[in-house]
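Colleague:
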Amino acid sequence: MMEKRSLFKEFTKGIVKENPVLCLVLGTCPTLAVTTSATNAIGMGVAATLVLVCSNAVISALRKVIPDKVRIPAYITIIAGFVTIVQMLVKAFAPAINDSLGIYLPLIVVNCIILGRAEMYAGKNPVLPSILDGLGMGVGFTAALLCMGIIRELLGSGSIFGFQLMPVQILIFILPPGGFFVFGILIMLANKLNTRAGRKVKTTPCDGCPMAASCSQKAEKCGEKEATENVD
5 MMEKRSLFKE
15 FTKGIVKENP
25 VLCLVLGTCP
35 TLAVTTSATN
45 AIGMGVAATL
55 VLVCSNAVIS
65 ALRKVIPDKV
75 RIPAYITIIA
85 GFVTIVQMLV
95 KAFAPAINDS
105 LGIYLPLIVV
115 NCIILGRAEM
125 YAGKNPVLPS
135 ILDGLGMGVG
145 FTAALLCMGI
155 IRELLGSGSI
165 FGFQLMPVQI
175 LIFILPPGGF
185 FVFGILIMLA
195 NKLNTRAGRK
205 VKTTPCDGCP
215 MAASCSQKAE
225 KCGEKEATEN
235 VD
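If you're matching positions, the sequence shown starts at 5 in this note's numbering and goes up one per residue.
1. Could you have a look at Phe167 and say whether DSSP puts it in helix, strand or coil?
2. Which residues bound the alpha helix (DSSP H) around Met141?
3. Alpha carbon to alpha carbon, what distance is there between Arg75 and Gly162?
4. Does DSSP put Lys196 in a helix, in a strand, or in coil?
5. Does Asn102 come out as helix, strand or coil in the three-state DSSP assignment?
6. Under 7 angstroms Cβ to Cβ from Ala45, same chain only, skipping five residues before and after it: list those, please.
7. Do you know how far the Cα of Leu66 is from the Cα of Ser59?
8. For the alpha helix (DSSP H) containing Asn60, name the first residue and the last one.
9. Determine whether the beta carbon atoms of Gly138 and Leu56 lie at a separation below 8 angstroms.
10. In angstroms with no decimal places, state the Cα-to-Cα distance between Gly142 and Ile82.
11. According to the Cβ coordinates, are Val113 and Ile80 closer than 8 angstroms?
12. Does the count of Cβ pairs from the segment 161–175 and the segment 47–54 closer than 8 angstroms reach three?
13. Taking C-alpha atoms, which residue in Pro99, Pro71, Gly140 lies nearest to Ile19?
14. Beta-carbon within less than 7 angstroms of Ile176's beta-carbon, same chain only, minus the 5 sequence neighbours each way: which residues are those?
15. Just the C-alpha distance for Phe97 and Pro110, rounded to the nearest angstrom, thanks.
Here it is, written out as structure tokens:
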């Protein structure tokens, strides 16, 4: 029973508590770029989720084989392989979405959400929890993109999934300023939801960064924290 609860927790944490977009503020570039429509948002979310789940599974399975010195290049190679497969599938079965997403689809390779989960979680945990972690983070990423896509498309174009619902169109919402505005509002709502639920909201994504171990800024912060604790 405890194991089932733990696995369920690994899946659900990425949806609200540690949502990669709204709480950890990762993957901001594709989030703002592709959410001009709900269709593009779902396309990007599903593609990233597939890469997350598959790469987490393989990296977790090979975590004891991959040498520590080359783990980052190895992770990127594995992720790039799955991104290539997903891109070929999208081109074959959804060419319109491939054209809409453009360069942001192959750029999933360097998406900090995927590389961060590989370094922070999949490289240190068994296969099944890693798959659930990737699936939860992917669902959270897709949900955040879909919320932004629906709001921006409805207010900016008066439609949702191409179906016209409103005669009024506020074009700024499909432009970058509108994207930043909606993004900020959703972050505020997610933080309030976490605060009301008594959860601690993570404001810095340092632990999820694949380069956290060698980051000088993080080292300085840790040193300042230790100094403060010694003074106290």
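Don't be surprised by glycine CBs; every beta carbon is placed ideally from N, CA and C.
Modeller: Let's see:
1. strand
2. 131–161
3. 47 angstroms
4. helix
5. helix
6. Val38, Thr39, Leu149, Leu150, Met152, Gly153
7. 11 angstroms
8. 42–65
9. yes
10. 17 angstroms
11. yes
12. no
13. Gly140
14. Gly182
15. 16 angstroms
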